[in-house]
Ligand code: G3P
Ligand code: CA
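Residue numbers (the UniProt record's numbering): 8 to 281.
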């Protein structure tokens, strides 16, 4: 009906650049994230995996074959070995190194404005919970892990630094999200959903106090009413991966809270026009 509903927060939906501005630049490279920032993304998304020597790197697949000049499992290669390959030329673009999670946090800290981060821990992987443990360690070391409010104090008095990146964790693994809840109780979490817990996400509340659900464009097309139902339960809804005009329109009509896209400039423009 063309009506644009408000988001849970009452603000315009957040534009989240999926693997950076990855329609235009090679995914998970510094170039992709810098372009996303230039294009006005509110936040960026990245996938993280552990290397054989337990460094977090931003790589989507279990293997590096698709997105680099190398081959092999991320979990079987050391960071030094991963650095031997190129991660830009597979898209016929300038050379790029493997992006460590640390380098991505540096890049966001150096941005001219606050840019938030949605970090997805990839499962299954051979390290299981060690991925979340390392993520928690890095975020704590950098002061990016918000403390849960247990005092009942006025939240405005302990408001986070307005310029500092706000981080949330995501996963398709409900166990991973439970673990993050235990390790970092103040960190917002997104349960990504396609098949595993679909029924639960469609019909009921989210488990383990997870506040946000992340759904696919396919699920939104089939059941747009779920957004309203989740909002009524107090959950925000984010959608991935929204690149086409019809899907962008559907998100805006449904009152989606976060739009995860490979084309942040296109979505930014559509959101600004609302
Ligand atoms: O942002 C969620 C989305 O990235 C999940 O799917 O396969 O792109 O990691 P995938
Ligand atoms: Ca992802």
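All C-beta atoms, glycine included, are put in the ideal place defined by N, C-alpha and C.
Can you tell me whether residue i is buried or exposed, with buried defined as 16 or more other CB within 10 angstroms of its CB?
{"i": "residue 131", "result": "exposed"}
{"i": "residue 235", "result": "exposed"}
{"i": "residue 26", "result": "buried"}
{"i": "residue 271", "result": "buried"}
{"i": "residue 106", "result": "buried"}
{"i": "residue 99", "result": "exposed"}
{"i": "residue 32", "result": "buried"}
{"i": "residue 57", "result": "buried"}
{"i": "residue 83", "result": "exposed"}
{"i": "residue 150", "result": "exposed"}
Hey, is residue i close to ligand 2, as in C-beta under 7 Å from one of its heavy atoms?
{"i": "residue 54", "result": "yes"}
{"i": "residue 67", "result": "yes"}
{"i": "residue 127", "result": "yes"}
Report the partner residues of residue i according to the DSSP bridge assignment.
{"i": "residue 200", "result": "222"}
{"i": "residue 247", "result": "223"}
{"i": "residue 267", "result": "23"}
{"i": "residue 55", "result": "65 and 128"}
{"i": "residue 80", "result": "70"}
{"i": "residue 123", "result": "50"}
For the alpha helix (DSSP H) containing residue i, list its first residue and its last residue.
{"i": "residue 110", "result": "108 to 116"}
{"i": "residue 238", "result": "232 to 239"}
{"i": "residue 145", "result": "137 to 148"}
{"i": "residue 346", "result": "Look at the range of the chain in this structure, 8 to 281, and you will see that residue 346 is not part of it."}
{"i": "residue 257", "result": "252 to 261"}
{"i": "residue 184", "result": "181 to 190"}
{"i": "residue 88", "result": "86 to 89"}
For residue i, verify whether its CB is less than 7 Å away from any heavy atom of ligand 1.
{"i": "residue 221", "result": "yes"}
{"i": "residue 172", "result": "no"}
{"i": "residue 248", "result": "yes"}
{"i": "residue 266", "result": "no"}
{"i": "residue 227", "result": "no"}
{"i": "residue 130", "result": "no"}
{"i": "residue 177", "result": "yes"}
{"i": "residue 199", "result": "yes"}
{"i": "residue 25", "result": "yes"}
Can you find the residues in the same chain that come closer than 6 Å, C-beta to C-beta, to residue i, ignoring five residues on each side of it along the sequence?
{"i": "residue 143", "result": "190 and 191"}
{"i": "residue 118", "result": "44"}
{"i": "residue 186", "result": "136 and 139"}
{"i": "residue 77", "result": "71 and 92"}
Kindly list the residues whose CB is nearer than 8 Å to the CB of residue i, restricted to its own chain and excluding five residues on each side of it in sequence; keep chain order.
{"i": "residue 175", "result": "123, 124, 125, 126, 194, 195, 196, 197 and 219"}
{"i": "residue 228", "result": "254 and 257"}
{"i": "residue 263", "result": "14, 20, 227, 234, 244, 245 and 246"}
What residues in its chain sit with their C-beta under 7 Å from that of residue i, if we drop five residues either side in the sequence?
{"i": "residue 29", "result": "39 and 269"}
{"i": "residue 75", "result": "92, 93, 94 and 97"}
{"i": "residue 19", "result": "278 and 281"}
{"i": "residue 250", "result": "30, 268, 269 and 270"}
Given the structure, does residue i come close to ligand 4, in the sense that its CB is under 7 Å from one of the ligand's heavy atoms?
{"i": "residue 263", "result": "Inclusion of ligand 4 in the displayed structure is not the case, the ligand content consisting of ligand 1 and ligand 2 alone."}
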